[in-house]
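Student:
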Amino acid sequence: MVSEGEDAMKEDDSTRDRLVSLDVAKDFWSRFHVVAPLVVIGTIEGDGYDLAPKHMVTPLGWGPFFGFVCTPRHATYRNAKETGFFTVTFPNPSHVVLASITAQPRCGDGGEKPGLDDVPTFRATEIDGVFLEEGYLFLECKVDRTIDGFGKNSLVVGFIQAVHVDEAHLRASDVEEGKMIHEAPLLAYISPGRYAEIKDTNAFPFPAGFER
Numbered sequence: 020m021v022s023e024g025e026d027a028m029k030e031d032d033s034t035r036d037r038l039v040s041l042d043v044a045k046d047f048w049s050r051f052h053v054v055a056p057l058v059v060i061g062t063i064e065g066d067g068y069d070l071a072p073k074h075m076v077t078p079l080g081w082g083p084f085f086g087f088v089c090t091p092r093h094a095t096y097r098n099a100k101e102t103g104f105f106t107v108t109f110p111n112p113s114h115v116v117l118a119s120i121t122a123q124p125r126c127g128d129g130g131e132k133p134g135l136d137d138v139p140t141f142r143a144t145e146i147d148g149v150f151l152e153e154g155y156l157f158l159e160c161k162v163d164r165t166i167d168g169f170g171k172n173s174l175v176v177g178f179i180q181a182v183h184v185d186e187a188h189l190r191a192s193d194v195e196e197g198k199m200i201h202e203a204p205l206l207a208y209i210s211p212g213r214y215a216e217i218k219d220t221n222a223f224p225f226p227a228g229f230e231r
């Protein structure tokens, strides 16, 4: 057990010396790389559907809630809020170009995204929506709430209505997980502007007795 006093916390001068402090009033997130998921959000738009990549995404707890950060200026936010539904596709690393196509700027003011009609999709089962075909995890979500006020951004929270996973990515007690991930790699977004295929992993060294 750590005692109080001078020895309670030992500061490593070498660590302090190599740190660079950044201005939080500026765009500091673009000054370094961080690992994030990459998903494609699908929404109903007019008589069709829209797809858009997002990396500021996360499960919200261990239950059926999932959230993504967006700006009210984007059609993804407006579509989800107006229609009440969205889909989530986790793409395979071998099809990152398809995810990239969904990021193309629209033609004109509020027009369509060029090339989106050529992106292969399939229909959701419980809600009105589509998924990017080349993925490994698929979520069908009903909008639970939108939370504004994160600067120019907002959090869109979905209640998961259905979950579908590629069999190759489904954890099983009789399959060694390191081998499973090696044979069915995962896609990570390295923000800003890079990506990685994750094939080689290690078991995390949880302490004895750890419980989530």
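For the sequence shown, the residue numbers in the numbering used here are 20 to 231.
Every residue gets a Cβ at the ideal spot worked out from N, C-alpha and C, and that includes glycine.
The model shown is predicted, which means the values in this text are computed figures rather than measured ones.
1. Going by the CB atoms, is the gap between Leu-57 and Pro-78 shorter than 8 angstroms?
2. Can you give me the C-alpha to C-alpha distance between His-74 and Ala-55, rounded to a whole angstrom?
3. Using a 10 Å radius around the Cβ and a threshold of 16 neighbouring Cβ atoms, would you call Ala-27 buried or exposed?
4. Beta-carbon within less than 8 angstroms of Ser-49's beta-carbon, same chain only, minus the 5 sequence neighbours each way: which residues are those?
5. Give a yes or no on contact between the stretch 173-186 and the stretch 99-106, applying the rule of three or more CB pairs nearer than 8 angstroms.
6. With distances taken between CB atoms, is the gap from Thr-140 to Leu-156 smaller than 8 angstroms?
7. Where does Gly-154 land, buried or exposed, given buried means 16+ other C-beta within 10 angstroms?
8. DSSP three-state call for Phe-47: helix, strand or coil?
9. Identify, in the order they occur along the chain, each residue of the same chain with its Cβ nearer than 6 angstroms to the Cβ of Thr-62, setting aside the five sequence neighbours on each side.
10. Using 8 angstroms as the threshold, is the C-beta distance between Cys-160 and Val-107 below it?
Tutor: A quick look at the data gives this:
1. no
2. 6 angstroms
3. Because Ala-27 carries a pLDDT of 47, less than 50, the predicted location of this residue cannot be relied on, and no value is offered for it.
4. Pro-211
5. yes
6. no
7. buried
8. helix
9. Asp-69, Thr-95, Asn-98, Ala-99, Phe-105
10. yes
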